[in-house]
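Novice:
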Amino acid sequence: MKIIQYERRYRDDLIFMVLEAKNALGRVPTLNDDLLDLDEFYLNKGDMFWIALDDNDRVIGCVGCNLLPGEEAVLHRLYIKYNLKRQGLGTKLLDVAESFARENGRKIMKIHLGERVTYFESRHFYPKHGYVFIDDDHMKKDL
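Per the numbering used here, the very first residue in the sequence shown carries number 335; after that it's consecutive.
(1) Determine the contact status of Cys396 and Leu348, defining contact as a CB-CB distance below 8 Å.
(2) Tell me whether the beta-carbon of Lys480 lies closer than 8 Å to the beta-carbon of Val408.
(3) Smallest Cα separation from Arg411: which of Leu372, Ile468, Leu477, Tyr465?
(4) Which runs of the beta strand (DSSP E) at least 3 residues long sit entirely within the stretch 423-469? Give them in chain order.
(5) DSSP three-state call for Met335: helix, strand or coil?
(6) Between the alpha carbons of Leu387 and Glu341, how many angstroms are there, rounded?
(7) Given Phe467, which residues of its chain have a CB within under 7 Å of its CB, disregarding the five upstream and five downstream residues?
(8) Pull up the DSSP beta-bridge partners for Leu409, would you.
(9) Report, in whole angstroms, the separation of the C-beta atoms of Tyr413 and Met351, which I expect to be a contact under 8 Å.
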């Protein structure tokens, strides 16, 4: 397994993995606009998006990070292929995003958790990594 900066040649495989991950959570598999144009929403703005690849060069996870003006960054789209969860890949992707934020002078990472019923796993994952609730649907961590 390796984590790399997103490359356009992985676009379709990434989209398939995200749709599959959402389906496994019982969601209607739809795509957010940013996943359709990662260059526009992340890379062209100085932000970052990473993908995790397995030994067959297939996308098995992803995460994005937007650097806000000042000291904050926002984590986006941390998805892991449904049958590979709880093996440490989410932690590795989170570490990459947090390191990027720190290297770019950010001291706070924030995340919007989404729907409580659908994204119940997030509400258990992030506190294990030092995130605290700032309201019902948002968490933050001091980097």
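Here a beta-carbon is modelled for each residue, glycine too, at the ideal position from N, C-alpha and C.
Specialist: Checking against the coordinates, here is how it stands:
(1) yes
(2) Examination of residue 480 is not possible in this model, given that the chain is present from 335 through 477 alone.
(3) Leu372
(4) 442-446, 466-469
(5) coil
(6) 11 Å
(7) Met473
(8) Cys399, Ile445
(9) 7 Å
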